[in-house]
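Before any comments, here is the structure.
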Ligand code: HAM
């Protein structure tokens, strides 16, 4: 016998009831965006490799170590998308969405791929719900996006911390970059870090090793280098968050693994997850459009990790609403009853009642066990005698009470008992 296939390393299957739970998480993330006028966008799961190299940055881990890149049979270099911002901005530019009313507000939901070292909460295939607002510098839109994410976490009953920082614009960053490089060049660092100092010094701030944390304690912070305009932008965002009743922590060392960020930067952290504690994050990318050959077009957005958020929900022991199951389970005894109940179950489903039925010759005992497992409130049992009498037995699976009801009016009777609105 050949060996059973397994899901590839770093990937996972979601089977019920977790499969249902992940849908509930996505739905909770999407609902606030829909209420705020964001339109749904879908882009391909792969793009030209150059798009990500240009947008995310050649020296980032994502581009240099983690991309699933390949050459197609036709000779095109493509990459499974490691993130969603570059593709969504590419699509917005390609379809001239920015020529209409701005900001262009878009949201998306899908799978992303990064060849990372798998561990709890870090996968090679994962999913995000994301949002991008393109075409304005107004800090009100940064605040709006953050509040919408906070509302999503609240709807899921989660307690998350919000970290915020400003990376400054082109006005502020070169001076900070130089000061940070100057500071780091004078420390005793390993070769790889030394190289990073020259290529991408801000990434060094993300080094979590204790010896590097010690080195970084005294490092200059971007806050001291912000231009007046950058500072005003960041202060306006912070004031709006405070007005909205959103708690945040200023984290002057917060950096993120993608090079396109300017000004606003933020991350949502859950403390029950161990090392992979970032459940979501985002920021501004005012220079990205030009980098992709578009006009000057500021933008801001975020992406929330769906699986990590589900892990957080589970860590807090929260239940998610509407996770599967049916309301009614039909148990036919014999072939004629099975045909009759097939019609009843179809009618119930069409009337909006979640219903299922026992199939195969399982017998009363096996079928009732299936009814219990289905989570249904009511079982409907029909045998030959019942058919002759034109009735079904409705059994309340919670109380155990059983009573006959006319087959003619069975659907209406069940809808009434379930408190369904009038059809
Ligand atoms: P990111 O921080 O790379 O940002 O990813 C966002 C979220 O996706 C993370 O906070 C995490 O929850 C989840 N995530 C990332 N990598 C993995 C992984 N390997 N396994 C499981 N979950 C993961 C972005 O992707 C940006 N595009 C966000 C953005 C939108 N910035 C502006 N607009």
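Numbering (the numbering used here), first residue to last: 31 to 453. For each residue, glycine too, the CB sits at the ideal point set by N, CA and C.
Tell me whether residue i counts as near the ligand HAM, meaning its Cβ is closer than 8 Å to at least one heavy atom of that ligand.
i	result
residue 286	yes
residue 137	no
residue 454	Coverage of the chain is limited to positions 31 through 453, which leaves residue 454 absent and any answer about it impossible.
residue 174	no
residue 309	yes
residue 183	no
residue 315	yes
residue 304	no
residue 298	yes
residue 82	no
residue 338	yes
residue 333	yes
residue 69	no
residue 158	yes
residue 376	no
residue 166	no
residue 405	no
residue 115	yes
residue 42	no
residue 330	yes
residue 355	no
residue 72	no
residue 130	no
residue 151	yes
residue 162	yes
residue 146	yes
residue 312	yes
residue 191	no
residue 154	yes
residue 92	yes
Cutting at 8 Å between CB atoms, please list the residues of its own chain near residue i, excluding the five before and the five after it.
i	result
residue 441	374, 377, 378, 381 and 383
residue 388	359, 360, 361, 362, 396, 397, 400 and 401
residue 321	84, 85 and 290
residue 408	357, 358, 359, 424, 425, 426, 427, 444, 447 and 448
residue 303	150, 151, 309, 338, 341, 342 and 345
residue 117	73, 74, 77, 81 and 111
Where does the unbroken alpha helix (DSSP H) through residue i begin, and where does it stop?
i	result
residue 97	Unbroken run through residue 97: none, as it is neither H nor E.
residue 394	393-403
residue 213	203-215
residue 446	440-447
residue 227	221-229
residue 240	240-246
residue 262	258-273
Along the chain, where does the beta strand (DSSP E) that runs through residue i open and close?
i	result
residue 434	432-436
residue 159	155-164
residue 76	76-78
residue 385	385-387
residue 423	421-426
residue 409	408-412
residue 194	191-196
Between residue i and the rest of its own chain, which residues show a CB-CB distance below 6 Å, the 5 nearest in sequence each way excluded?
i	result
residue 314	292, 293, 294 and 330
residue 290	85, 315 and 318
residue 281	193 and 195
residue 516	Because the chain in this structure spans residues 31 to 453, residue 516 falls outside the shown range and cannot be described.
residue 206	252 and 255
Who are the Cβ neighbours of residue i in its own chain at under 7 Å, not counting the five residues just before and after it?
i	result
residue 143	98, 110, 111, 112, 154 and 155
residue 43	37
residue 435	421, 422, 424 and 443
residue 296	176, 192, 193, 194, 311, 312 and 313
Within the 9 Å Cβ cut-off, does residue i reach chain D?
i	result
residue 122	The chain inventory of the structure shown lacks chain D, comprising one protein chain alone.
Could you check whether the Cβ of residue i sits closer than 8 Å to any heavy atom belonging to the ligand FAD?
i	result
residue 348	Because the ligand FAD does not appear in the structure shown, any question about it cannot be addressed here, the ligands present being the ligand HAM.
Does the region 202-212 come close enough to the region 265-272 to have 3 or more Cβ pairs within less than 8 Å?
-> no
Uninterrupted beta strand (DSSP E) stretches inside the region 300-371 (no shorter than 3 residues) | 308-314, 329-335 and 358-362
Is there contact between the region 133-140 and the region 153-161, where contact requires at least three CB pairs shorter than 8 Å?
-> yes
Go through the region 105-176 residue by residue and report every complete run of the beta strand (DSSP E) that reaches 3 residues or more, in order.
-> 107-110, 134-143 and 155-164
Can we say the region 364-371 touches the region 406-417, given the rule of at least three CB pairs closer than 8 Å?
-> yes
Specify whether the region 318-337 and the region 160-168 touch according to this definition: at least 3 beta carbon pairs, one from each stretch, less than 8 Å apart.
-> yes
Which runs of the alpha helix (DSSP H) fall wholly inside the region 54-88 and span at least 4 residues, in chain order?
-> 79-86
Does the count of Cβ pairs from the region 128-135 and the region 181-193 closer than 8 Å reach three?
-> no
Contact between the region 89-104 and the region 55-75 (3+ Cβ pairs under 8 Å) | no
Are the region 232-241 and the region 256-264 in contact at 8 Å, needing three or more beta carbon pairs?
-> no
Meets three-Cβ-pair contact criterion under 8 Å: the region 67-80 and the region 113-127 | yes
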